[in-house]
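Engineer:
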Amino acid sequence: NFYKHRADFERLVHIYRQDLSIPMDDDEYGYLLPTPDVKAMMDRIDVAWIKGDRDVWMPPDPYFQEPDVLKHTAALSARGGPEARKYSGVIFGYAHADVHSLRYLAPVYKDYYYTPSPPRVENGLLRTPSGAGRIMATLNSYPLIEYWGECFYRRIEPHWFLRFCQDK
């Protein structure tokens with residue numbers, strides 16, 4: 002699905018991060034409220050919702066730990082408004098029935114994840130500006146979850162990942 006609709010995925014990333022005329026809801030996760038044209042594109046690629054990753058990928062180095070940069074990124078993150086979208090990663094979810102892992106008795110889900118800059122991968126972990134998740138060779142079976150809310154990633158391109166998470 003990703004490769005078949007790659008141009009639409011890239012266009013939706015651009016819309017989410019750059020077109021601030023398209024509003025977000027007031028929910029803490031900041032879901033995009035699509036226009037009819039954007040909704041048609043989302044339907045074409047089987048995407049039900051788009052939201053930010055709540056990370057601040059501040060160029061040129063999102064991992065830079067200078068205190069002034071940290072203050073600035075914290076302010077952007079706390080604002081959570083449209084301006085923060087241009088520094089955000091983007092998550093694409095698709096509609097499906099709830100899926101529960103019998104192993105963990107909790108909801109699990111998969112989605113697509115875009116990072117604005119290629120993330121660091123160290124010792125089998127995908128590093129984001131605020132955390133890390135394990136990289137897997139495949140997500141076709143349930144990974145061994147070590148803690149509630151853990152996410153796993155499979156790289157499909159330098160900026161693109163499939164993400165498998167267990168709900169908290």
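To convert, count from 1 in the sequence shown and add 1; that's the working numbering. From the three backbone atoms N, C-alpha and C, an ideal C-beta is built for every residue, glycine too. Computed from a prediction, not measured in an experiment: that's the story for all the values here.
Cα-Cα, which of Ala96, Arg155, Tyr154, Thr129 is closest to Asp47?
Structural biologist: If we check each option's Cα against that of Asp47, Ala96 comes out closest.
Engineer: Compute the distance between the beta-carbons of Tyr88 and Met59, then report whether it is under 8 Å.
Structural biologist: Yes. Within cutoff.
Engineer: Which residues mark the beginning and the end of the beta strand (DSSP E) in which Tyr115 is found?
Structural biologist: Residues 107–115.
Engineer: For Pro159 and Pro35, I'd like the C-alpha separation in whole angstroms.
Structural biologist: If you take the alpha carbons of Pro159 and Pro35, they lie about 27 Å apart.
Engineer: CB-CB under 7 Å to Gly125, same chain, minus the five flanking residues each way: which ones, in chain order?
Structural biologist: Excluding sequence neighbours, Gly125 sits near Arg135, Ile136.
Engineer: Among the candidates Leu21, Asp56, Ile51, Leu13, whose CA atom is the shortest distance from the CA of Ser131?
Structural biologist: Measuring from the Cα of Ser131, the nearest candidate turns out to be Asp56.
Engineer: Looking only at its own chain, which residues have a Cβ that is under 7 Å from the Cβ of Met25, when we skip the five neighbours before and after it?
Structural biologist: So the list reads Gly31, Tyr32, Leu33, Leu34, Pro83, once near-sequence residues are dropped.
Engineer: Taking DSSP as the reference, what is the three-state secondary structure of Phe10?
Structural biologist: Note: Phe10 maps to helix in three-state DSSP.
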